[in-house]
Each structure stands twice: as structure tokens, then as C-alpha cells.
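Residue numbers (this note's numbering), protein chains in the order written: chain A, 1007 to 1369; chain B, 15 to 286. The beta carbon of each residue, even a glycine, is placed where N, CA and C say it ideally should be.
And the structure:
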């Protein structure tokens, strides 16, 4: 199955939920829609399923205009965040539901449906649960049943809304691997929604990063992580330090910044913003630097260092320091990032400054 | 379990005593009174043509009222839960009027409406449909006072029904009628049946609203509770007690049925 979404718009009252979405999905792909809550990813998923309708734009699947096809006839396997298993039906009946409600002339005979359910129960490794009610299952088991119910109709595309959102961390990791396995064995084109970047990067062939109703970037995990296409993506992927710099000959310059480890960028000279992840910043003692250590906290493996200077507050994460001369509160240090992303123009929002700056509180 | 508030003994004692004095004692007295009559005499009273006619009218009219209330109540609950429209809260509040209104007021209003020169009666009587002084009038009065039962039992269950179940059914290819039959109906059925049973029980006992519109013609439009009152006024205590006892037995049976329905309602609810 291939899918083209073109210039899709959707508003709920005053709020624009989707502001022009263009997306191509290739046959057999596993795609993640990644974004913070409110970015419109679930709305896009529901429109694909036919549970919601866009105000403008088109949705075509294998060349067919899906906006003219009713949800019932689209054959999408939708897995809801909280599974939405029918509470009054046993697991078997839940999985068989999509087959049992087919019109008489297309419905397989009862024996065939039963065989199909058995096969799915085996395949999903829940054969022993067929006779239980959903309320008697754990979260992970419900997730498997929900996927079984969606797979039973032989879906053209599998749509999963926050599939692991309601599970605890260990089961989440297990199910992630299991879902990848299911996808590889069935070859069903799959789109899933998540706000967890680790989940998206680990599971998906391609990740679609969404923010405020737009697609910010589409790519593989490495592409997005190393080369975010916009300040939004950089921030969303953890580059919380935003340093105003001046670009000169492709190199960023700012007081207290040692940018020698950063590659030159083919950008015009002028004001720009350097986005850094706290873990990418190394600190070196330098009395001429305006950055001064305000606080050092240890997380065990890491030391988190709060700095201020030139009117901003920022954070760096260093491996636990050994050696004779550790950094102390009050030391002046230079920032030496080993990676970073530069976008032209001044930072859109002020960097986080939770505590107002004071001058020389001690000494 | 350690309780947060003390006073379990006291509060339990007070409620049980109250229940005993106000509810159980009169019922026991009634049963004893009935037992005093003796089975043969009891049987003779109950199977007397006038008693049978009254019981039959009560049951048939009650059943008619219940059928109407079941259908209307389900629809009303659906409308109140599933749609948003101006005045929804007012409508929701209006549903309680039959409970709050003195039944005599309801009876007066209804008989005024349906009498030959009332708004409805003036339309219906030329068409040959007579409501006042017939079983139709009895059924209408009964349905008026017991409407809220089905609405109020189904409403909360429908409210709790997550729309995701329907959405899931849609993506699995189910069409609206199938969704209602296979997904929604099984979930609301137990509470619907409870509501219907309660509505029927209330209809059988309805007195105030009915006597105004029924005309109370012996053998024709005389309900059982009224017959008991008449017997009492004739100083025929045994006759009154026998009829009351029959009504009591029917009501208790209905309560048992209602509780059974509730108890075995949802086999799929998680066991704690």
C-alpha cells in the first residue's frame, strides 16, 4: 500500500490542528509520527482511519481517493491508546469481531473464522488467553489482543495511537521489539503515533517529526538526530541550550565559546543561534570567560553543571570528574561543544532562566 | 479493614431500626393480616370477578405504560447523552418532574388535557378515540409517573461508554446498526432491564395520577390499589388486606428480578 497525504488542513473551532500536511508513505514501511501533545499527530491518524475528516487537502491510497471511502470500507487496523477492547466479549470474540460483522456474502464461514483466530492467537503468543474477558488481562496482553483484532481483517494499513503509552517501561521495551517483529513478518504498512523519541527512533524506518500542525522533518533516526531541520526539532530532541552567536566565515563566535570542534557551516555571516545538548558541552577553566559555575549536582553517573553569564543561564552534563583539580562553584569556564546545530537569526524564545540572576552573591 | 470514621455500630443500629419500624413492620403486619384470613377466604377474595378485573387492568395498563417508557426512556437517555443542543440541561432537569410532582397534580392535569373539551381530548374524541375513563387513560397516567426510571438507569451507563468502542467497531467494518446491536446494546442491557422492571413496579402501584383519569368504573377502569381503598372504606379489612398482599407479592417478585438482573448483569466486570 502506498499513501499520499497532500496539503491537509483541519481546524477544531478556532484552533488549527493541521496546517498543511504533505506526506508520502511507501509500501510496507513502518513510520512514526513523533511530536509533543497538541502537534496534530493523532488527528492525522484519525483522518487516515476515517474517524475524522479534514477541512482541506487530499488523502489517496493506492491511487484511490480515501476521503470518498467510508471508514468501514477502508480496512485500516486501528489500535487505540487504551485498546478499546469490547468489554463484554471474550478475547476470541474481540479478535473475530471484524470478520463476524462482514456482510453475509463476503463473510468467511464460522470454521474459517475460528481457524483464523487460532492462528492469530498463536502468532501473537497469547493462545492461552482466548477465553478471557479483557478486564482479566494485563496491559501488555490487552495491547496484543488489540493488535490481533486489528490484524484479523487483513488491514491495508495498521494505525497505532500511542501504542505503548499506557505500559510500564520494561513491558514497553519488550512489546516494541515484538511489534517490529510482527511488522516484519506481516509486511503490513504501519503508522504509529508517539511522543517518545526513543520509541520512534528505535522502532521506525522513518520518523516524521510534527510540531503545531506541521511536519517539521522526515527522516531516519540519525538524520534527524544529527541534522535537525529546524530550531523546533533541535529543541524537541533535547538541544535545550540556545546560545546567541555571530557567524563569521561559517564559524560561530561568542564570548566564552570555543567552537573549534564544530564544523564550519555554509551560512551567511551575521546573527545566529547555536543549539546544544547539555551532554555535548565540555567545560574548560578560563578566567577570561563570562560563564561562571553557579551550581553542581551529581546524578551518580553524571555531573550537572549550571552556568550563568552574558545574561543567560545554561546547563552542561559532564561525565563524573576524576583528577586532581575538579571544577568548583564560582569557577569561570569556557564552553567547548563537540557538536551543535546553528540556525540563522536570533533565538525565538528566551532560554530557560528559572532563577533570576544576581551579581556576586558571595566572596 | 480499619475504618476511618468511628460509629459503625451506632449508625448501623439506627438505620436497621428505622428500616424495621418504617418498612418491614408494616409489611409483616400486612402478611400476618393476610394469613389470618385463611387460604380459602383469601382465594375467594382474590378470584372474585371484581378483584380479578382490577388486577388484570392494573397489570395490562402497567405493561402498556412500561413498553412505552422502555422505548421512550431509551431514546431520551440516548439523546441526553449523545447530542449537544441548547436547553439540554433544562431537558435533563425536566426528566425529574414526574418524580417531584404530586401525583394528584399530574392526574388532574392529564384528565383536564384528555377530557372531551381539553386540548388533546378535543382532537382525539372526534376521531373516536376516548382516553379518559378507559384503559388508555390509566396507561397514560402510569407512564407519566414512571418515565424517569429507564432514563435515569440507562443514562449513566451510556455516559460511561467510551466512544472509542464505537470508533474501533467502525474501523473493523461494522455499520451503525451492527455497532448498536453488538457493541452498545450488550453494555446497556442490564441497566435497561433494571429500569424497565422498576418502571413496571411503580406503574402497578400508581394511585394518585390514575384515579383522576380512570373514572374508576368497577369491572372496567378500577385499578387494584383503588379497590383496596374501597374495601377499606366498606370496613372490609380482610378484602383490603388480601388485595394489598397480592400487590405486595408482585412488587417483591419484581424487586427480586431487578436485583437478580443487576447481580448477574456483567459477567465481564473485573473481579477485584
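Residue environment for residue 251/B: exposed (fewer than 16 other C-beta atoms within 10 angstroms of its C-beta). Within the DSSP secondary-structure output, residue 1349/A pairs in a beta bridge with 1279/A.
Residues of the region 176-194 of chain B with a C-beta less than 8 Å from any C-beta of chain A: 176, 178, 179, 181, 182, 183, 184, 185, 186, 187, 188, 189 and 192, listed in chain order. Contact with chain A is absent for residue 171/B, since none of that chain's Cβ atoms lies less than 9 Å from the residue's Cβ.
Around the CB of residue 241/B, 16 or more other CB atoms lie within 10 Å, so the residue is classed as buried. Fully enclosed alpha helix (DSSP H) runs of no fewer than 4 residues occupy 133-138 of the region 131-157 of chain B, in order along the chain. In the structure shown, the three-state DSSP call for residue 1189/A is helix. For a Cβ distance threshold of 9 Å, nothing in chain A lies close to residue 100/B: the least Cβ distance comes to about 17 Å. Between residue 1234/A and chain B, the shortest Cβ-Cβ separation is not below 9 Å. Of all residues in the region 191-216 of chain B, only 192, 196, 197, 200 and 201 place a beta-carbon less than 8 Å from a beta-carbon of chain A. Neighbours of residue 1104/A in chain B, taken as residues at a C-beta separation under 7 Å, are given in chain order as 186 and 187. Identification of chain B residues near residue 1155/A by a Cβ-Cβ cut-off of 9 Å yields 182 and 186, ordered along the chain.
Among the residues facing chain B, residue 1078/A is included, as its CB has a counterpart in that chain under 9 Å away. Contact between the region 1067-1075 of chain A and the region 153-170 of chain B is absent, with fewer than three C-beta pairs closer than 8 Å. Where residue 1155/A is concerned, there is no enclosing beta strand (DSSP E), although the alpha helix (DSSP H) around it starts and stops at 1145-1158. For the region 1056-1077 of chain A, the set of positions with a beta-carbon nearer than 7 Å to some beta-carbon of chain B reads 1057 and 1077 in chain order. In the three-state DSSP reduction, residue 54/B falls in the helix class (H, G or I). Looking at the backbone, the Cα of residue 258/B and that of residue 1111/A are separated by about 58 Å. Using a CB distance below 7 Å, the part of the region 1107-1140 of chain A facing chain B consists of 1107, 1108 and 1139, ordered along the chain. Assignment of residue 1014/A by DSSP, reduced to helix, strand and coil, places it in the strand class.
Here the C-alpha atom of residue 1258/A lies approximately 16 Å from the C-alpha atom of residue 1295/A.
In the displayed model, residue 99/B falls within coil according to three-state DSSP, outside both helix and strand. For residue 1194/A, no chain B residue has a C-beta closer than 9 Å to its own C-beta; the minimum C-beta separation is roughly 14 Å. Taking CB atoms only, residue 1084/A has a neighbour in chain B less than 9 Å away. Annotation: residue 1172/A has no Cβ neighbours in chain B at a cutoff of 7 Å; minimum Cβ distance is about 13 Å.
Under the three-state reduction of DSSP output, residue 1087/A falls in the coil class, being neither helix nor strand. Across the structure, residue 1192/A and residue 1035/A are spaced so that their CA atoms are roughly 11 Å apart. Around the beta carbon of residue 1019/A, fewer than 16 other beta carbons lie within 10 angstroms, which makes this residue exposed. A residue is called buried when at least 16 other Cβ atoms come within 10 angstroms of its Cβ; residue 74/B does not meet this threshold and is exposed. If you look at residue 272/B, you'll find it in the alpha helix (DSSP H) that goes 251-277. Closest by C-alpha distance to residue 1214/A, out of 1276/A, 1029/A and 1290/A, is 1029/A. For residue 82/B, the closest of 200/B, 203/B, 249/B and 150/B by C-alpha to C-alpha distance is 150/B. For residue 180/B, the enclosing alpha helix (DSSP H) begins and ends at 177-185. Excluding residues up to 5 positions away in sequence, 236 and 240 lie with their Cβ nearer than 7 Å to the Cβ of residue 230/B in the same chain.
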